[in-house]
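This report concerns only the one structure given below.
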Amino acid sequence: MSAEAHRVRGPTALGDGDLRRFWNLTRTLSATDWKVRFYGSALGYLWSLLRPLMLFGIVYFVFSYVVKAGAGVEDYGVMLLLAMILYFFFSEATVAGVTSMVDRESLLRKVGFPRAVVPLAVALVAAMNLALNLVVLAVFVVASGVQPRWTWLVLPIPLALLLVFSTGVAMLLSALYVPYRDVRPIWEVVLQALFYATPILYPIELLAAHSPTLAKIALCNPIAALIQESRHLLVGAPSLSDALGSTALVAAPLAILVGMTALGFWVFDRMAPRAAEEL
Amino acid sequence: MTDRPRDDVAVQATGVAKMFRLPTEQVSTLKERFAHPMRRQRFEILRALTDVSFEVGRGEVFGIIGRNGSGKSTLMKCLAGIYRADAGEMWLRGRMAPFIELGVGFNPDLTAHDNVLVNGVMLGLTPDQARERYGSIMEFAELEEFAELKLKNYSSGMNVRLAFSVMVHVDADVLLIDEVLAVGDAAFQQKCYEVLNRARDDGRTILLVTHDMPQVQRFCDRAMLLDRGRVVLIGEPRGVARQYTQLNFASPSERESIVRAHAPSTLEPDGVTILEAWAQNLLGPTTLFEPGERSGVVMRVRFLHAAREPVFVFTIEDERGGRLVMSSERQSHATGEHPAGAEIDIAAIFRNHLPPGRYWVSATVAEPDGGRVLASREIGHSFVVTGSGATGGTMDLPHDFSLTAAPPTQQPAHER
């Protein structure tokens with residue numbers, strides 16, 4: 001036994017930089033989270049496909065045929081589904097993120113491990129769901145006869161940015177929730193507001209026709225910006241820079257995205273060493 | 001900054017301190033924060049650990065003892081990387097596996113299978129290794145048939161067994177064990193000892209927090225006594241255990257002096273020495289008692305100064321930490337006056353109604369009327385009560401059964 005001596009420095013967000021172990025932990029935690037979700041249901045994992053399929057079916061029907069919000073907009077149905085899927089991912093990752101540290105209390109109080117694993121595992125579970133939902137989306141895309149485009153190859157970029165942003169927000173919320181339990185109800189309301197403030201059910205053109213300034217403000221929201229760009233890449237809707245009216249303005253949602261993510265990481269990093277005592 | 005530990009040191013702590021800020025008024029919602037933005041939160045500072053320094057050699061079993069709230073668990077959590085120490089430096093050699101608050105952080109909503117995998121990885125295995133060892137973990141815990149049961153349906157004993165089994169299967173070089181062996185049935189405890197002994201023989205290092213003094217003496221190479229976050233004594237287990245017993249029986253002011261003295265010389269502050277203590281039956285000193293036999297425990301005491309009416313106490317402790325106390329203070333007759341230089345044997349004679357098992361005895365001499373402890377000593381050997389048919393009780397009361405016809409029942413008025 002010639003093991004090296006190492007200093008015990010107490011818990012941190014990222015641990016001692018052993019990325020392999022970090023990934024193993026995140027992967028294992030999210031795998032079990034994923035398992036718990038459908039435990040005891042007869043259809044099991046099938047639900048993670050069926051649920052969005054049915055939900056999207058309803059929304060698609062209501063907004064395409066009953067409300068006709070997308071009248072005159074090409075490929076409205078597919079755009080609606082894409083936006084919902086992306087927003088659901090953000091909502092799932094952050095809602096589960098809020099309580100993640102508190103939910104893992106027993107683990108945090110008994111084992112020393114890189115604390116950021118906890119919100120990351122939650123984001124990873126949401127990402128697995130996102131992947132399944134994207135499969136459902138692909139079915140809708142084919143069914144509605146959208147022509148394949150080269151821009152589809154670029155789609156992973158906004159998706160990756162969304163993943164990073166959601167993880168950053170989840171880290172921020174999970175850290176704040178440890179001392180302030182009112183973060184949860186507040187966040188639920190914020191999400192609700194954000195849902196309607198984001199051009200999901202309505203196309204951005206509808207808002208732009210009403211007030212171009214308002215449309216620009218709405219697109220400063222990173223979620224809205226990423227959704228707009230994804231719509232552009234998927235079915236050729238106006239790109240983010242077109243919708244904002246200038247390429248320079250793209251910097252605004254991007255800056256908010258980077259800023260929020262950095263803030264999330266910073267706050268989490270500061271809280272992580274004390275999490276076990278404050279839980 | 002201190003240097004890296006020497007090669008033969010597995011755990012090294014230097015000047016470790018840990019404080020907790022306890023809010024005197026719990027402000028835990030934002031509304032309260034907003035409602036009183038100017039009010040600074042008031043904190044009470046609890047010093048859980050102050051200047052704790054020690055070294056544990058490779059392959060050593062190191063006991064950490066102390067009363068509740070003395071900082072044992074906080075120290076373990078600092079070493080395990082769960083709490084961040086406020087000051088000082090800690091070094092560990094190799095991989096460490098913690099076993100804290102009777103568990104390794106299981107999730108009650110997951111099955112034993114999933115929990116084992118998660119915790120195996122948490123304690124340092126790769127997912128593949130965790131899967132590989134899953135079988136032997138369940139086998140050791142003797143829980144194979146409950147593998148797919150959610151942990152919330154496990155009894156607490158099963159939970160501890162599983163947690164302990166995970167911990168010993170992750171190949172850690174340093175085991176941090178906080179009060180484990182108090183739980184679980186006797187057979188499993190035996191197994192735990194065996195596996196820990198094997199771990200020690202393999203050169204692993206074990207830090208063991210416990211309240212069980214016989215355990216400390218049997219199992220540890222050295223021990224450390226903590227009191228209110230400070231190290232009182234580090235040394236061979238028997239002396240440390242004795243000091244602990246004394247701390248436990250002492251009044252607050254005496255505890256202060258015991259703690260301050262830091263030295264075993266305070267063990268006989270008033271010139272009373274317990275030279276020897278042993279168990280005996282009618283034939284003489286023994287380590288075996290037959291059930292129902294007339295038995296005795298004896299201490300030989302030397303008075304260095306004259307003493308009046310000293311109190312003699314024997315404490316018999318069983319394997320589960322259950323205690324029987326025999327005190328001369330309960331006797332009607334006085335213990336008399338003893339001149340300086342006198343040597344006497346004091347025996348407590350009893351008919352042995354202890355159930356079969358192993359027992360440890362400690363002898364104590366104290367001042368009368370709840371005064372100070374003058375001397376205290378453990379019997380060198382444990383004794384065993386032979387016989388079969390343990391009832392599981394703490395005492396086999398001598399009894400007769402009588403069976404008689406019940407008198408005609410009379411119903412109480414209010415039930416009519």
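Protein chains in written order, with our numbering: chain A, 1 to 279; chain B, 1 to 416.
Beta carbons are placed, not taken as given, at the ideal position from N, Cα and C, and that holds for glycine.
| query | Taking any Cβ of chain C, which residues in the segment 197 to 222 of chain A have a Cβ under 8 angstroms from it, in chain order? | reply | Chain labels in this structure do not include chain C; the protein chains are A and B.
| said: Can you confirm whether L49 of chain A, when its beta carbon is compared against all beta carbons of chain B, has any partner nearer than 8 angstroms? | reply: Counting from 1 along the first sequence, the entry for residue 49 of chain A is found at position 49. It does not: the Cβ of L49 of chain A has no partner Cβ on chain B nearer than 8 angstroms.
| query | What's the call for I137 of chain B, buried or exposed, on a 16-neighbour Cβ count within 10 Å? | reply | Here the question's residue 137 of chain B lines up with position 137 in the second sequence. A residue is called buried when at least 16 other Cβ atoms come within 10 angstroms of its Cβ; I137 of chain B meets this threshold and is buried.
| field | Chain-ordered chain A contacts of M90 of chain B [CB-CB under 8 angstroms] | value | Sequence index remark: in the second sequence, residue 90 of chain B carries index 90 (1-based). Residues of chain A passing the Cβ test: R7 and V8.
| Looking at the unbroken beta strand (DSSP E) that takes in H210 of chain A, where does it start and where does it end? | Working through the first sequence from its first residue, we reach residue 210 of chain A at position 210. H210 of chain A -> not in any beta strand (DSSP E); alpha helix (DSSP H) instead, spanning I204 to H210.
| Could one say the Cβ of R4 of chain B lies closer than 8 angstroms to chain A's Cβ atoms, at least one of them? | Numbered from 1 along the second sequence, position 4 holds the residue referred to as residue 4 of chain B. By this cut-off, R4 of chain B is an interface position.
| request: Might you give, ordered along the chain, the residues of its own chain that have their beta carbon closer than 8 angstroms to the beta carbon of L49 of chain A, omitting 5 neighbours on each side? | output: Position 49 of the first sequence, counting from 1, holds the residue named residue 49 of chain A. Only L132, V135 and V136 meet the Cβ criterion.
| said: Please tell me whether E101 of chain B has its Cβ less than 8 angstroms away from any Cβ of chain A. | reply: The sequence position of residue 101 of chain B within the second sequence is 101, counting from 1. It does; some Cβ of chain A falls within 8 angstroms.
| Residues bridged to S165 of chain B (per DSSP) | By one-based count along the second sequence, residue 165 of chain B stands at place 165. Its beta-bridge partners do not exist; DSSP assigns none.
| request: Inspect the beta-carbon positions of T261 of chain A and A224 of chain A and report whether they are closer than 8 angstroms. | output: Reading the first sequence from its first residue, position 261 is the one you call residue 261 of chain A. Reading the first sequence from its first residue, position 224 is the one you call residue 224 of chain A. No, Cβ-Cβ distance for T261 of chain A and A224 of chain A is not below 8 angstroms.
| Cβ distance (whole Å) where V313 of chain B is taken to contact V325 of chain B below 8 angstroms | Position 313 of the second sequence, counted from the first residue, corresponds to residue 313 of chain B. Position 325 of the second sequence, counted from the first residue, corresponds to residue 325 of chain B. Correct: roughly 6 angstroms between the Cβ atoms.
| message | Under 8 angstroms, Cβ to Cβ, is there at least one residue of chain A near L267 of chain B? | response | On the second sequence, position 267 is the one that residue 267 of chain B refers to. Confidence in L267 of chain B is poor, its pLDDT being 39 and thus under 50, which makes the residue's placement too unreliable to answer from.
| request: Would you mind sorting D33 of chain A into buried or exposed? The rule is 16 or more other CB atoms within 10 Å of its CB. | output: Numbered from its first residue, the first sequence carries residue 33 of chain A at position 33. Under this definition D33 of chain A is a buried residue.
| For the candidate residues A:P158, A:F89 and A:T12, whose alpha-carbon lies nearest to that of C417 of chain B? | There is no way to answer for residue 417 of chain B, as the model of chain B reaches only from 1 to 416.
| field | C-beta contact flag for A277 of chain B and V170 of chain B at 8 angstroms | value | One-based indexing of the second sequence puts residue 277 of chain B at position 277. One-based indexing of the second sequence puts residue 170 of chain B at position 170. The criterion of a C-beta distance shorter than 8 angstroms is not satisfied by A277 of chain B and V170 of chain B.
| query | CB V111 of chain A to CB M76 of chain B, shorter than 8 angstroms? | reply | Stepping through the first sequence from its first residue, residue 111 of chain A is reached at position 111. Stepping through the second sequence from its first residue, residue 76 of chain B is reached at position 76. Taking 8 angstroms as the Cβ cut-off, V111 of chain A and M76 of chain B do not qualify as a contacting pair.
| message | Less than 8 angstroms between the C-beta atoms of V78 of chain A and L234 of chain A, yes or no? | response | In the first sequence, residue 78 of chain A corresponds to position 78, counting from 1. In the first sequence, residue 234 of chain A corresponds to position 234, counting from 1. With respect to the 8 angstroms criterion, V78 of chain A and L234 of chain A are classified as neighbours on the basis of their beta carbons.
| request: Just list the alpha helix (DSSP H) runs in the segment 124 to 182 of chain A, keeping only unbroken ones of 4 residues or longer that don't cross its boundaries, in chain order. | output: Fully enclosed alpha helix (DSSP H) runs of 4 or longer: 156 to 177.
| said: With a threshold of 8 angstroms between beta carbons, is R149 of chain A in contact with chain B? | reply: As a working mapping, residue 149 of chain A is identified with position 149 in the first sequence. No, R149 of chain A lies away from the interface with chain B (no Cβ there is under 8 angstroms from its Cβ).
| message | Short of 9 angstroms Cβ to Cβ, which residues in the segment 72 to 86 of chain B face chain A? | response | Contact annotation: in the segment 72 to 86 of chain B, residues whose CB is within less than 9 angstroms of a CB in chain A are K77, C78, L79, A80, G81, I82, Y83, R84 and A85.
| Along the chain, where does the alpha helix (DSSP H) that runs through D178 of chain B open and close? | Translated into the one-based positions of the second sequence, residue 178 of chain B becomes position 178. For D178 of chain B, there is no enclosing alpha helix (DSSP H); the enclosing beta strand (DSSP E) covers residues V174 to D178.
| field | Partners in chain B for N129 of chain A, counting only beta-carbon separations shorter than 8 angstroms | value | For the purposes of this step, residue 129 of chain A is taken as the residue at position 129 of the first sequence. Close to N129 of chain A, with beta-carbon spacing below 8 angstroms, lies no residue of chain B; the smallest spacing is near 19 angstroms.
| query | From R260 of chain B to S376 of chain B, what distance separates their C-alpha atoms? | reply | One-based indexing of the second sequence puts residue 260 of chain B at position 260. One-based indexing of the second sequence puts residue 376 of chain B at position 376. Residue placement at R260 of chain B cannot be trusted, given a pLDDT of 49 that sits under 50; the coordinates are not used to answer.
| In chain order, which continuous runs of the alpha helix (DSSP H) of length 4 or greater are located wholly inside the segment 95 to 153 of chain B? | Counting only runs of 4 or more, we get 112 to 122 and 127 to 141.
| For W91 of chain B, the residue or residues it bridges with in DSSP | Within the second sequence, numbered from 1, the residue matching residue 91 of chain B stands at position 91. Paired residues: A:R7 and B:Q12.
| task | Please determine, among B:L46, B:V118 and B:G124, the residue with the shortest C-alpha to C-alpha distance to A80 of chain B. | result | By one-based count along the second sequence, residue 80 of chain B stands at place 80. Of the listed residues, the one whose Cα sits closest to A80 of chain B is B:G124.
| request: Within 10 angstroms of the Cβ of A255 of chain A, are there 16 or more other Cβ atoms? Answer buried if so, exposed if not. | output: Translated into positions along the first sequence, residue 255 of chain A becomes position 255. By the neighbour-count rule (16 or more Cβ atoms within 10 Å), A255 of chain A is not buried but exposed.
| request: For L123 of chain B, go through chain A and note every residue whose CB falls closer than 8 angstroms to its CB, in chain order. | output: Within the second sequence, residue 123 of chain B is the residue found at index 123, counting from 1. Per Cβ cutoff of 8 angstroms: V111.
| request: Check each candidate in B:T315, B:M213, B:E148 and B:G103 and name the one with the smallest Cα separation from V166 of chain B. | output: As a first step, residue 166 of chain B must be located in the second sequence, where it is residue number 166. The residue with the shortest Cα to Cα distance from V166 of chain B is B:G103.
| message | Please state the DSSP three-state secondary structure of T12 of chain A. | response | What you label residue 12 of chain A is simply residue 12 of the first sequence in a count that begins at 1. The DSSP-derived three-state label of T12 of chain A is coil.
| message | Cβ closer than 7 angstroms: which chain B residues qualify as neighbours of L132 of chain A? | response | Position 132 of the first sequence, counted from the first residue, corresponds to residue 132 of chain A. Within chain B, no residue comes near L132 of chain A; the closest Cβ sits about 21 angstroms away, beyond 7 angstroms.
| task | Could you check what DSSP says for D201 of chain B in three-state terms: helix, strand or coil? | result | Within the second sequence, the letter at position 201 stands for residue 201 of chain B. Helix at D201 of chain B.
| field | Contact belief for T205 of chain B with V52 of chain B at Cβ below 8 angstroms, rounded distance in angstroms | value | Along the second sequence, one-based indexing puts residue 205 of chain B at 205. Along the second sequence, one-based indexing puts residue 52 of chain B at 52. Incorrect: roughly 17 angstroms between the Cβ atoms, too far for contact.
| task | Output yes or no for whether 8 angstroms exceeds the beta carbon distance between V139 of chain A and A170 of chain A. | result | Taking the first sequence and counting its residues from 1, the one referred to as residue 139 of chain A is at position 139. Taking the first sequence and counting its residues from 1, the one referred to as residue 170 of chain A is at position 170. With respect to A170 of chain A, V139 of chain A sits apart: the two C-beta atoms are not nearer than 8 angstroms.
| field | Option nearest G57 of chain A by Cα separation, candidates A:E74, A:L82, A:G72 and A:S41 | value | Your numbering for residue 57 of chain A matches position 57 in the first sequence. Closest by alpha carbon: A:L82.
| query | Which residues bound the alpha helix (DSSP H) around R109 of chain A? | reply | Along the first sequence, one-based indexing puts residue 109 of chain A at 109. First-last of the alpha helix (DSSP H) with R109 of chain A: E105 to K110.
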